[in-house]
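Chains as they are written, first to last, in the working numbering: chain A, 1 to 425; chain B, 1 to 228. Structure first, then comments.
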């Protein structure tokens, strides 16, 4: 297959690396690989998880066929390159929804498994991998295997959250959830003390955070009944603010105004798209941060230490005069069992920080706080973690490495992320 | 009205774009090609995405006679071959293509309705040293479609010649020197819409008409000196 050498990046546009792209169109084209390669779906991981500097990156975007959809049971099988947006177009009119969705529809099913993504309902239903009934995986020797919580169990739990390092995910079978309407019944609750967040709860819950004032808006929701009609949040066409508008003052002002506007909304209904995917309306919003790109720092703190840890991080932010354009807090439930899976019971914080010369140093300070409280950083968003911090944050790494060594002894499936974190060698 | 459309050579990237576009309009599809397992995958995908019926048919243009299908409304010929075997290039792109389409031309002529879409190429517009075996076969195919259009006009059958430029498929991915490479799904929609618009010859994307206009207008005494 022909390769194309291109400079590519993850969604955060940092780092940018030259990679050798291949784009198979048939599932049968996936075979044994002899040199380092990594699968890349929609390229929506933020850092270097889908990059492989000077080595092969296998684009799965054309491997996106639906294979089976049982409308009675809501069980769907599709090739892993299928993007969520295409899946939703088919399943929503049939009265089904994905059990777990990240904040964008432009993400592949394979990516959802590899990063074991979580959504606003993690505290109730867990992460994506917990709803995958089985996976087809192409291993380093070219063999196609099926794995599930009951078949090739070890490989399954190494693959869920495994960042594509166990093989190429070929097919995903997923249990969908029934919905009565495409609308969401949403509630906003303003909180001036983050400790109050826990008072509000629903199937979906997320807190928009004003990092400066340490206040937020808890946004709760559930899938509406069929009787509800749309009364708010019409689909406005997105604008892209030019990067020069994004500075300390404008971000502070935006956060102030956002709080004022959204804290007063309550009990409204919203189409699932603006509710789950508000940023999808803004084309290439990642370019807003200019040429240098940005990092999304996402970490999780275990329950007991959560508020303290988050407060410490926000304190460093203020001290460094760094602001985050969009910050989100979210309660997480139990872990899925994925060996390198991110979610753990506690609170997760995600912040978008424009990249500049002091960013790496700042993130190192964050990492120390996260480590001190036994938390961890999300690999799908990471571009900066050190191998030592990674090992301390992911205590099941040894077990993962053992399984990886068994099925991929030559470490064929490797990425810029795995090389940076010295995974598998 | 739901139409029955046969796509010959249904596993290519561009054919998948065409199939998606017809399926989106609610047409039922017959997908013909050599790779049966791939055809089944595509058919299954179309059924789930668009709620249509899609059947698969094994068809190898080098071996098989044209497939007889009842109640057919249109045929898309998207089989093509480019490679080092000259005989094969000439046969698949021209003589065997003509043989297959003559069958459907006769069928639609008797039925007094229908359409035939032939995927030719801009490469057939002028012979160039880099690919004139393929180009001359496609030039012959274009001329054939032109004559067929003329023949079938009075029988209420339309014949549409498609001349694609660079389309983003496995054939073009990573090839150096390509520009303005088009998305096969967009190309597919234009092709499906060409039936309603009653187009005759369609360059895709549209600007190729003008690029080829320029290339065709270069006098031969100059053209022969160029390395294109």
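Note that CB positions come from ideal geometry on N, CA and C, so glycine has one too. Keep in mind it's a predicted model, so treat the numbers as computed, not measured.
Item                                                                                                                                                                                              : Value
Considering only their Cβ atoms, is the gap separating residue 69 of chain B from residue 6 of chain B smaller than 8 Å?                                                                          : yes
Let me know the secondary structure DSSP gives residue 147 of chain A once reduced to three states.                                                                                               : strand
Can you have a look at residue 308 of chain A and say buried or exposed, based on whether 16 or more other CB atoms are within 10 angstroms of its CB?                                            : exposed
Work out the CA separation of residue 106 of chain A and residue 14 of chain B for me, nearest whole Å.                                                                                           : 23 Å
Taking 8 Å as the CB-CB cut-off, is residue 61 of chain A touching chain B?                                                                                                                       : no
Is the separation between the beta-carbon of residue 69 of chain A and that of residue 90 of chain A shorter than 8 Å?                                                                            : yes
Ignoring anything shorter than 3 residues or poking outside the stretch 290-353 of chain A, list the beta strand (DSSP E) runs there in chain order.                                              : 294-302, 327-332
Using the beta-carbon of each residue, which ones in chain A are nearer than 9 Å to residue 175 of chain B?                                                                                       : 2, 4
Residues in the same chain with beta-carbon distance under 7 Å from residue 126 of chain B, minus the five sequence neighbours each way, listed in chain order, please.                           : 215, 216
Considering only residues of the stretch 28-82 of chain A, which uninterrupted beta strand (DSSP E) runs meet the minimum length of 3 residues and lie entirely inside it, listed in chain order? : 37-40, 56-59, 66-70, 75-79
According to DSSP, residue 22 of chain A sits in a beta bridge with which residue or residues?                                                                                                    : A:58
Here's a check: name, in chain order, each residue in its chain whose Cβ is nearer than 8 Å to the Cβ of residue 141 of chain B, leaving out the five neighbours to either side.                  : 93, 94, 97, 98, 118, 120, 124
Can you check whether the CB of residue 191 of chain A is closer than 8 Å to the CB of residue 430 of chain A?                                                                                    : Since the first residue shown for chain A is 1 and the last is 425, residue 430 of chain A is missing from the structure and cannot be characterised.
Note down, in chain order, every chain B residue with its Cβ under 7 Å from the Cβ of residue 26 of chain A.                                                                                      : 38
Using the three-state DSSP reduction, which class does residue 177 of chain A fall into: helix, strand or coil?                                                                                   : strand
Between which residues of its own chain and residue 173 of chain B is the CB-CB distance below 8 Å, once the five residues before and five after are set aside?                                   : none
Is residue 45 of chain B close to chain A? Criterion is C-beta to C-beta, closer than 8 Å.                                                                                                        : yes
Along the alpha helix (DSSP H) that carries residue 100 of chain B, what are the first and last residues, could you check?                                                                        : 96-111
Measure how close the beta-carbons of residue 162 of chain A and residue 114 of chain A come, nearest whole angstrom, since I'm counting them as under 8 Å.                                       : 6 Å
Determine the extent of the beta strand (DSSP E) in which residue 8 of chain A is found, giving its start and end residues.                                                                       : 4-9
Kindly confirm or deny that the stretch 381-391 of chain A and the stretch 4-22 of chain A touch, where touching means at least three C-beta pairs closer than 8 Å.                               : yes
Is the separation between the beta-carbon of residue 347 of chain A and that of residue 306 of chain A shorter than 8 Å?                                                                          : yes
Exposed or buried, residue 65 of chain B, counting other C-beta atoms within 10 Å across all chains shown (16 or more means buried)?                                                              : exposed
Which chain A residues sit within Cβ distance under 9 Å of residue 41 of chain B?                                                                                                                 : 26, 27, 65, 67, 79
When we look at the beta-carbon of residue 229 of chain A and count the other beta-carbons within 10 Å, is it buried (16 or more) or exposed?                                                     : Confidence at residue 229 of chain A is low in this model, with a pLDDT of 48, below 50, so the placement of that residue is unreliable and no value is reported for it.
Please classify residue 211 of chain A: is it buried, with 16 or more other beta-carbons within 10 angstroms of its beta-carbon, or exposed?                                                      : buried
Say the cut is 7 Å; is the CB of residue 135 of chain A nearer than that to a heavy atom of the ligand ZN?                                                                                        : Within the structure as shown, the ligand ZN is missing, as the structure has no ligands at all.
Reducing DSSP to helix, strand and coil, say where residue 231 of chain A ends up.                                                                                                                : Residue placement at residue 231 of chain A is poorly supported in this model, since its pLDDT is 42, which falls under 50; the coordinates are not used for a value here.
Compute the Euclidean distance between the alpha carbons of residue 232 of chain A and residue 270 of chain A, then round it to the nearest angstrom.                                             : Low per-residue confidence applies at residue 232 of chain A: pLDDT is 40, beneath 50, and the placement is therefore not dependable, though the value from the model is reported in the following sentence. Using only the alpha carbons, I get a separation of about 6 Å.
May I ask which residues mark the beginning and end of the beta strand (DSSP E) holding residue 55 of chain B?                                                                                    : 54-58
With 16 as the cutoff for other CB atoms within 10 Å, does residue 99 of chain A come out buried or exposed?                                                                                      : buried
Taking Cβ positions only, does residue 49 of chain B come closer than 8 Å to chain A?                                                                                                             : yes
How big is the Cα-Cα spacing for residue 423 of chain A and residue 209 of chain A?                                                                                                               : 33 Å
Contact check, residue 295 of chain A vs residue 353 of chain A under 8 Å by CB: the rounded distance?                                                                                            : 6 Å
Starting from residue 167 of chain B, find everything on chain A with Cβ-Cβ shorter than 8 Å and list it in chain order.                                                                          : What residue 167 of chain B touches in chain A: nothing, since even the nearest Cβ is about 12 Å away.
Can you list the residues of chain A that residue 13 of chain B reaches, using a CB-CB cut of under 9 Å?                                                                                          : 25, 62
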